[in-house]
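Residue numbers (UniProt numbering), protein chains in the order written: chain A, 1 to 139; chain B, 1 to 139. Data block below; observations after.
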DNA sequence: AGCAATGTTGAGAACCATTGTCAAACTGCG
DNA sequence: CGCAGTTTGACAATGGTTCTCAACATTGCT
């Protein structure tokens with residue numbers, strides 16, 4: 001580490017350099033609004049003319065996810081799928097075939113999970129809820 | 001495909017033969033009440049003296065899951081984890097620290113997901129809902 | 001601009017959970 | 001017992017994801 005932090009800027013700045021590759025990933029993410037696997041995103045970038053290594057796509061997506069700028073969840077096969085997200089808590093209705101995604105909010109569900117957890121004395125909650133199905137177009 | 005089905009038997013009988021291996025897996029499952037990976041279950045069987053191939057453990061767990069006799073879900077790394085379960089559809093409230101699990105039913109949630117999906121024309125549904133928190137003991 | 005320090009990339013190897021292969025062993029039934 | 005259909009297991013093969021590390025880009029400094 002040796003983070004001398006010469007300027008003493010308090011909060012350690014998360015240096016994220018604006019590279020061609022990261023811009024390409026961001027651009028790709030902006031180009032669709034459903035969930036895609038890292039490999040699909042990688043292909044998409046290639047098709048857009050850019051060339052970015054697969055490992056870099058993974059790295060970038062992970063760091064974006066950690067920064068809360070993209071949602072990452074897992075499909076039924078356990079594969080990670082990603083997309084840029086709005087910043088409110090929500091869930092997804094995802095098409096198993098084409099990936100079409102609907103963002104849904106579920107105040108009822110939030111309330112229900114809180115009630116259940118309280119009932120059992122659990123605190124510091126989080127939850128995951130995703131719905132998979134086949135969209136009208138894919139049937 | 002090529003499912004010639006020579007005898008043209010209507011409902012294909014799901015013959016599940018009671019083998020030593022399947023008994024061993026069932027015994028292992030009975031030996032714990034939290035979620036374990038297939039490999040952990042395989043190790044557990046070995047430690048119990050039995051010897052069952054890893055592939056067989058996977059096969060057996062999958063078929064048990066399909067038959068609704070065990071729950072299979074994925075941890076944050078995308079690995080499949082399993083445990084025996086009651087035979088009704090339910091979700092889990094899992095302690096983030098010690099792993100203590102409470103099975104919860106949520107008819108309200110089921111209804112909600114169905115409604116949401118119908119509203120958007122999605123069919124052939126499935127969903128995942130898991131709640132994570134800190135249990136009373138771990139606070 | 002030139003340079004040094006350090007974060008970033010990419011090609012491919014490495015990992016590792018999971019599934020496929022197929023001959024040998026086992027089960028149920030006659 | 002003997003056959004037909006299942007099941008098993010050792011191992012290869014997959015496939016997504018991460019690691020490695022030398023080459024490269026970016027930033028800050030002079």
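C-beta atoms are modelled at their ideal positions from N, C-alpha and C, and glycine is treated no differently.
By the CB criterion at 8 Å, residue 94 of chain B and residue 88 of chain B fall outside the cutoff. DSSP lists A/74 as the bridge partner or partners of residue 80 of chain A.
Residue 81 of chain B is positioned such that its CB atom lies closer than 8 Å to that of residue 35 of chain B. Among the residues of chain A, none has a CB under 9 Å from the CB of residue 85 of chain B; the nearest is roughly 17 Å distant.
In the three-state reduction of the DSSP assignment, residue 109 of chain A falls in the helix class, which pools H, G and I. Distance from the Cα of residue 76 of chain A is smallest, within the candidate group B/119, B/105, B/129, B/98, for B/129.
Listed along chain A, no residue sits closer than 7 Å to residue 98 of chain B by beta-carbon distance, the nearest being about 11 Å off.
8 Å or more divides the Cβ of residue 58 of chain A from the Cβ of residue 133 of chain B.
When the five nearest sequence neighbours on each side are left out, the beta carbons in the same chain lying within less than 6 Å of the beta carbon of residue 37 of chain B are those of 79, 81, in order along the chain.
Per DSSP, residue 60 of chain B is one residue of the alpha helix (DSSP H) stretching across 54–66. The Cβ of residue 71 of chain B sits no closer than 8 Å to any Cβ of chain A. In this structure, the beta-carbon distance from residue 52 of chain A to residue 21 of chain A falls below 8 Å. Comparing alpha carbon positions, the residue from A/64, A/104, A/109, A/83 closest to residue 41 of chain A is A/83. Sequence-distant Cβ neighbours of residue 109 of chain B in its own chain, meaning closer than 7 Å and more than five residues away, are 129. For residue 136 of chain A, the chain B residues whose C-beta falls within less than 7 Å of its own C-beta are 121, listed in chain order. No Cβ-Cβ contact shorter than 8 Å links residue 54 of chain A with residue 28 of chain A.
CA-to-CA, the gap between residue 116 of chain B and residue 23 of chain B works out to about 41 Å.
Going by beta carbons, residue 25 of chain B and residue 61 of chain B fall inside the 8 Å limit. Within the model, the alpha-carbon separation for residue 135 of chain B versus residue 99 of chain B is close to 9 Å.
Measuring C-alpha to C-alpha distances from residue 96 of chain B to each of A/17, A/68, A/126, A/138 identifies A/126 as the nearest. Among the residues facing chain B, residue 127 of chain A is included, as its CB has a counterpart in that chain under 8 Å away. Under the 8 Å criterion on CB atoms, residue 117 of chain B is classed as interfacial with respect to chain A. The DSSP-derived three-state label of residue 37 of chain B is strand. Between residue 131 of chain B and residue 137 of chain A, the C-beta spacing is not below 8 Å.
Collapsing the DSSP output to three states places residue 123 of chain A in a strand.
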